[in-house]
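2 protein chains.
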Amino acid sequence: MALSKNTIKFIKALHLKKFRQKYNKFIAEGEKIVGELLLQDDYAVQEVYALAEWVEKNTSRGNFFSSPVHVVNEQDLKLISQFSTPNKVVAVVDKPAPRPQPDFGNDWSLYLDGLQDPGNVGTILRIADWFAIPRVVAGPGTVDLYNAKVLQATMGAFLRVNWIEMSLETVHTAYPQVPVWSAEMGGKDIFSLPIPAAGVLIIGNEGQGVSAAAQALVNQQVAIAAPVGSGAESLNAGVATGILCAAIRRQV
Amino acid sequence: MALSKNTIKFIKALHLKKFRQKYNKFIAEGEKIVGELLLQDDYAVQEVYALAEWVEKNTSRGNFFSSPVHVVNEQDLKLISQFSTPNKVVAVVDKPAPRPQPDFGNDWSLYLDGLQDPGNVGTILRIADWFAIPRVVAGPGTVDLYNAKVLQATMGAFLRVNWIEMSLETVHTAYPQVPVWSAEMGGKDIFSLPIPAAGVLIIGNEGQGVSAAAQALVNQQVAIAAPVGSGAESLNAGVATGILCAAIRRQV
Chain Z
1 MALSKNTIKF IKALHLKKFR QKYNKFIAEG EKIVGELLLQ DDYAVQEVYA
51 LAEWVEKNTS RGNFFSSPVH VVNEQDLKLI SQFSTPNKVV AVVDKPAPRP
101 QPDFGNDWSL YLDGLQDPGN VGTILRIADW FAIPRVVAGP GTVDLYNAKV
151 LQATMGAFLR VNWIEMSLET VHTAYPQVPV WSAEMGGKDI FSLPIPAAGV
201 LIIGNEGQGV SAAAQALVNQ QVAIAAPVGS GAESLNAGVA TGILCAAIRR
251 QV
Chain U
253 MALSKNTIKF IKALHLKKFR QKYNKFIAEG EKIVGELLLQ DDYAVQEVYA
303 LAEWVEKNTS RGNFFSSPVH VVNEQDLKLI SQFSTPNKVV AVVDKPAPRP
353 QPDFGNDWSL YLDGLQDPGN VGTILRIADW FAIPRVVAGP GTVDLYNAKV
403 LQATMGAFLR VNWIEMSLET VHTAYPQVPV WSAEMGGKDI FSLPIPAAGV
453 LIIGNEGQGV SAAAQALVNQ QVAIAAPVGS GAESLNAGVA TGILCAAIRR
503 QV
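Quick note, the sequences are listed as chains Z and U, same order. Quick note on numbering: the first sequence equals residues 1 to 252 in our numbering. Quick note on numbering: the second sequence equals residues 253 to 504 in our numbering.
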């Protein structure tokens, strides 16, 4: 059955942050992410719109169908998808209830200081998930977690890593004893530093780097040492974050 | 002056690998990459097509203009560009003469085992450049270096890192003593291993991993250890390569 104009209009509204905030819902897309969401207790999947082939393939997994599933044709899927080549299934999901206030004195956190590139932000969540870094703090100006490209790049990591929208000042005021490190070109080689049990690592904006407001709270600038003969001016924000997290988690 | 139909047709042909091979030329785009190319001795920039603002800004840099510069309007730039939002300048460049056969016994090489994603391949060249890894070997099935998105993602690193199209079998036959490592989920934690002075590190295809042909030549499978509590199934190929290169270059 074809989707109604109102349904299409509602789903397309959720492509925009403004309406995701207004309705407190978001869109999840693709076999992997929707599949994982349907297995989670803390996400309420309101509606699933999927090609017949996806529904058939998943019929054996009974728990998938506690959410209403609508079979749609390829044309309608394309209308409601945020991607030019949709991946079989689109779901409308309630944003989860906020988790309890985290304990920043327990383990490391990443602080995204106005990161703009959705691919970078999603990749960083995936890195945090891999290295069991329990939370990522999105500072002012950081792209919305529920942006389609962010969710896609997380490969499902947003289901496990705690995403918190908060300024560094707020974190620091509540946890003044937790060290704040920033990734900076001139910083100290992170592989040469002793790693505290807890800390906040700031990843600066792709173009502007670490903001003045955040810099004022930094205890230690860290960097990835480049050997003699290095030519590149910098590393991509996702790659740099991966290496810094590996250094934080290394077994010495 | 507007560009002729033949000029537009020729430049657009170079958007395709087939014609880049036929004419032995490629397209470089954007202020950063074209700017760097014009300062290099080993690249012959045949023609530059740029907005008036780019030409005015660069008039003071005399050496830029040993290549013919054509002022184009935004419409023509858009016609010849490979991007939907072109960045001021497009250049037609001769592919460089092949460098002398490299000495694989000298330092590390990365081997791309059929990598398909242009962003990953460009990012990996940028990582090699940062860590002064002198060469990247593109195995069969790997995306073309001169693909627009690969060049863009390198941020200019392709000017410094030697790109070699060659199979792993050919490398191994010539340098049987050089150890071959592969990045594999079940491999040994690379931070726990002594690092030889030279080696080849295989990065597998995004979906299929390391090919059977390459696996047959592997001496050591290596991995990035995930701590207790890790949730992600994998890391992005670029991020994983960055961490593995950091491990290879670490000062212990």
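A virtual CB, placed ideally from N, CA and C, is assigned to each residue, including glycine. Computed from a predicted structure; not experimentally measured.
Beta-carbon gap between residue i and residue j smaller than 9 Å
i      : j      : result
U:N372 : U:E281 : no
U:I376 : U:K264 : no
U:I379 : U:L420 : no
Z:M166 : Z:V137 : yes
Z:A198 : U:F443 : no
U:S319 : U:Q298 : yes
U:F356 : U:V452 : yes
U:T406 : U:G374 : yes
Z:P102 : Z:R135 : yes
U:A484 : Z:W163 : no
U:V413 : U:I385 : yes
Z:Q82  : Z:A148 : yes
Z:L159 : Z:Y43  : yes
Z:L3   : Z:H70  : yes
Z:L214 : Z:S234 : Looking at the sequence itself, residue 214 of chain Z is Ala, so the reference to Leu does not match. It is not a contact, given that the beta carbons lie outside the stated cut-off.
Z:Q116 : Z:E206 : yes
Z:I243 : U:I495 : yes
Cβ-based burial, residue i [other Cβ within 10 Å; buried from 16]
i      : result
Z:V228 : exposed
U:S336 : exposed
Z:I248 : buried
U:T493 : buried
U:L397 : buried
U:P370 : buried
Z:N73  : exposed
U:V430 : buried
U:D328 : buried
U:A464 : exposed
U:L291 : exposed
U:A468 : exposed
Z:N58  : buried
Z:R99  : exposed
Z:N6   : exposed
U:V504 : Only weak support is given to the placement of U:V504: the predicted model assigns it a pLDDT of 44, under 50, and the value that follows is read from those uncertain coordinates. Exposed.
Residue of the options minimising C-alpha distance to residue i
i      : options                           : result
U:P392 : U:V324, U:L268, U:Q473 and U:V423 : U:V423
U:T394 : U:L445, U:G456 and U:V432         : U:G456
Z:I52  : Z:G207, Z:A214, Z:E31 and Z:R160  : A small fix is needed here, since residue 52 of chain Z is Ala in this sequence, not Ile. The shortest Cα separation from Z:A52 among Z:G207, Z:A214, Z:E31 and Z:R160 belongs to Z:E31.
Z:L151 : Z:R99, Z:L37, Z:T7 and Z:I8       : Z:L37
U:G408 : U:G439, U:V286 and U:N325         : U:V286
Z:G186 : Z:R20, Z:A216, Z:L14 and Z:Q220   : Z:Q220
U:F302 : U:E458, U:E436 and U:K330         : The question names Phe, but residue 302 of chain U is Ala in the sequence shown. Comparing Cα positions, the closest option is U:K330.
Z:N106 : Z:P196, Z:I8 and Z:S230           : Z:P196
U:V432 : U:Q460, U:V470 and U:N488         : U:V470
Z:Q208 : Z:K18, Z:V48 and Z:E184           : Z:E184
U:D441 : Z:R250, Z:N236 and Z:K188         : Z:R250
CB contact below 9 Å: residue i versus chain A
i     : result
Z:D76 : No chain A is part of this structure, whose protein chains are labelled Z and U.
(request) Specify whether the segment 91 to 111 of chain Z and the segment 13 to 28 of chain Z touch according to this definition: at least 3 beta carbon pairs, one from each stretch, less than 8 Å apart. (result) yes
(message) Pairs of beta-carbons, one from the segment 357 to 377 of chain U and one from the segment 470 to 485 of chain U, closer than 8 Å: are there three or more?
(response) no
(message) Which runs of the alpha helix (DSSP H) at least 4 residues long sit entirely within the segment 99 to 170 of chain Z? Give them in chain order.
(response) 118 to 130 and 148 to 154
(message) For a minimum of 4 consecutive residues, which ranges assigned as the alpha helix (DSSP H) are wholly contained in the segment 156 to 244 of chain Z?
(response) 168 to 174 and 212 to 215
(request) Only counting runs of 4 or more residues, tell me where the alpha helix (DSSP H) segments fall wholly within the segment 265 to 342 of chain U, in order along the chain. (result) 269 to 275, 283 to 290, 304 to 310 and 326 to 332
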